[in-house]
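S.K.: There's a structure below that I have some questions on.
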Amino acid sequence: MLGVVSAIGAGNAEATQNELAASDAEGEQASESLQGINRRTSIRKQMAQALGSEDVAYAASGVDLSFGTAKAARADAYREADLALNTATGTEQSRVSRLAERAASYRAAAKNARRMGIFNALSGGLDNVLSFKERG
Numbered sequence: 001m002l003g004v005v006s007a008i009g010a011g012n013a014e015a016t017q018n019e020l021a022a023s024d025a026e027g028e029q030a031s032e033s034l035q036g037i038n039r040r041t042s043i044r045k046q047m048a049q050a051l052g053s054e055d056v057a058y059a060a061s062g063v064d065l066s067f068g069t070a071k072a073a074r075a076d077a078y079r080e081a082d083l084a085l086n087t088a089t090g091t092e093q094s095r096v097s098r099l100a101e102r103a104a105s106y107r108a109a110a111k112n113a114r115r116m117g118i119f120n121a122l123s124g125g126l127d128n129v130l131s132f133k134e135r136g
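Counting along the sequence shown from 1, when you hit position 3 you're at 3 in the UniProt record's numbering, and nothing is skipped either side.
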């Protein structure tokens, strides 16, 4: 009887451990989203600083900022920032999705651990019953 209780307890302990790991992975998703927001904010800030520096440099040299080289440089800066923002967003989404998959995997492992604990308890109990029957 002790073996049956022990097998169920072991299955539940392993399931609990997997559930905690799943919760950690879900918590990391929120953290990853915040890091993604910080990365995108940083990219926007860098773009604004770069555009400001270019505008100041061109204006100081007497260049009209509304056309020509200054306008092309501004368009290039926007294009580079857009690419960086898209890359950061894609990276964040892939990390969040990887964490969601990890959480789902841990939850499935927890479910399986509970089932195996019950199965081991039943098979152990059945072995005990058969052993008692053989003894007579």
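Where is the CB? At the ideal position from N, CA and C, for every residue including glycine.
Below 8 Å, is the gap between the Cβ of S61 and the nearest heavy atom of the ligand HEM?
M.R.: Among the components modelled here there is no ligand, and therefore nothing to report on the ligand HEM.
S.K.: Classify S66 as helix, strand or coil using the three-state DSSP reduction.
M.R.: S66 falls in the coil class under three-state DSSP.
S.K.: Could you pull the start and end residues of the alpha helix (DSSP H) that S6 belongs to?
M.R.: Start and end: L2 to A60.
S.K.: Would you call the CB atoms of T16 and A110 closer than 9 Å?
M.R.: Yes. Within cutoff.
S.K.: Three Cβ pairs or more, each shorter than 8 Å: is that satisfied between the segment 93 to 103 and the segment 14 to 31?
M.R.: The segment 93 to 103, when compared against the segment 14 to 31, does touch it at the 8 Å Cβ threshold.
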